[in-house]
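Just so you know, we're using my numbering here: the sequence shown kicks off at 37 and counts up by one.
One structure is given here, and the rest of the page talks about it.
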Amino acid sequence: MALARSVGALLRPSDWVALMGELGAGKTVFVKGMAEVLHLEGVPRSPTFAIVQVHRPKKGGIPLRHVDLYRLAPTEIPALEWEELHEDTGVTVVEWAEKCQYLWPTQCLPIRISHQGNDARLVEFYVAGSRSEEIVRRLKGTK
Ligand SMILES: Nc1ncnc2c1ncn2[C@@H]1O[C@H](COP(=O)(O)OP(=O)(O)OP(=O)(O)O)[C@@H](O)[C@H]1O
Ligand SMILES: [Mg+2]
Numbered sequence: 037m038a039l040a041r042s043v044g045a046l047l048r049p050s051d052w053v054a055l056m057g058e059l060g061a062g063k064t065v066f067v068k069g070m071a072e073v074l075h076l077e078g079v080p081r082s083p084t085f086a087i088v089q090v091h092r093p094k095k096g097g098i099p100l101r102h103v104d105l106y107r108l109a110p111t112e113i114p115a116l117e118w119e120e121l122h123e124d125t126g127v128t129v130v131e132w133a134e135k136c137q138y139l140w141p142t143q144c145l146p147i148r149i150s151h152q153g154n155d156a157r158l159v160e161f162y163v164a165g166s167r168s169e170e171i172v173r174r175l176k177g178t179k
């Protein structure tokens with residue numbers, strides 16, 4: 037949660053976060069941490085039926101588009117529209133982003149969360165474009 041809050045604090049409109057990792061790795065927990073600092077109405081949760089959940093901001097916040105591709109079969113993913121996968125005025129975060137790598141924007145922030153036994157997790161940040169480089173550099177600077 038603390039790491040996710042640090043990432044959330046660096047995000048700005050049109051940033052696109054690709055979250056990867058197995059079942060229960062902590063992707064939704066990460067979205068919740070990011071959401072806390074984006075000042076949203078409502079708390080992101082694991083969607084039961086919805087593929088896309090849009091969270092409006094409170095005053096001074098940034099909207100968040102939370103996409104979870106878990107339930108989509110690989111053949112269904114190409115049918116997703118650009119508008120479903122992007123939030124121009126806010127941040128987009130996609131769980132199970134590994135299922136749609138060919139749809140990632142050239143500028144995005146890929147993050148992989150892996151189980152390391154019990155409650156330990158490895159969180160890896162990748163660079164995909166100059167914006168992600170900037171976020172990772174600033175993230176290192178805050179620690
Ligand atoms: N260090 C940790 N970071 C994140 N979650 C942790 C950690 N340790 C334990 N957990 C627990 O692991 C679970 C992670 O669940 P979460 O729903 O975030 O995973 P997910 O990757 O979104 O799974 P799914 O693929 O089902 O969407 C939660 O129950 C959380 O409390
Ligand atoms: Mg989840």
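Glycine included, every Cβ here is placed at the ideal spot set by N, Cα and C.
Report task. Could you pull out every residue in the same chain whose Cβ sits closer than 8 angstroms to the Cβ of Glu58, ignoring the five residues on either side in sequence? Result -> For the purposes of this step, residue 58 is taken as residue 22 along the sequence shown, with counting starting at 1. Excluding sequence neighbours, Glu58 sits near Ser150, His151.
Query raised in the report: Straight-line CA distance for Ile147 to Leu55?
Result: In the sequence shown, the residue the question calls residue 147 occupies position 111. In the sequence shown, the residue the question calls residue 55 occupies position 19. When rounded, the distance between both Cα atoms is 5 angstroms.
Query raised in the report: In three-state DSSP terms, what is Met56?
Result: As a position in the sequence shown, residue 56 is number 20, starting the count at 1. Residue state, collapsed to three classes: strand.
Query raised in the report: Can you name, in chain order, every residue of its own chain whose Cβ lies under 7 angstroms from the Cβ of Glu72, other than the five neighbours on each side?
Result: Residue mapping note: residue 72 aligns to position 36 of the sequence shown, counting from 1. Within the same chain, Glu72 has close Cβ partners Arg41, Gly44.
Query - Sufficient close CB pairs (3 or more, under 8 angstroms) joining the region 165 to 179 to the region 81 to 101 - result: no
Query raised in the report: Are Thr142 and Gly165 close, meaning C-beta to C-beta below 8 angstroms?
Result: Taking the sequence shown and counting its residues from 1, the one referred to as residue 142 is at position 106. Taking the sequence shown and counting its residues from 1, the one referred to as residue 165 is at position 129. Cβ atoms of Thr142 and Gly165: closer than 8 angstroms.
Requested in this report: Could you spell out the range, first to last residue, of the beta strand (DSSP E) harbouring Thr64?
Outcome: The count along the sequence shown starts at 1 and reaches residue 64 at position 28. Note, Thr64: premise wrong, no beta strand (DSSP E); alpha helix (DSSP H) at 63 to 74.
Report task. Could you check if Gly60 is buried or exposed, using at least 16 other CB atoms within 10 Å of its CB as the buried criterion? Result -> Taking the sequence shown and counting its residues from 1, the one referred to as residue 60 is at position 24. Exposed, since its Cβ has fewer than 16 Cβ neighbours within 10 Å.
**Report entry** Spatial neighbours of His122 in its chain, beta-carbon cut-off 6 angstroms, leaving aside the 5 residues before and after
**Finding:** Numbered from its first residue, the sequence shown carries residue 122 at position 86. Cβ within range, chain order: Thr128.
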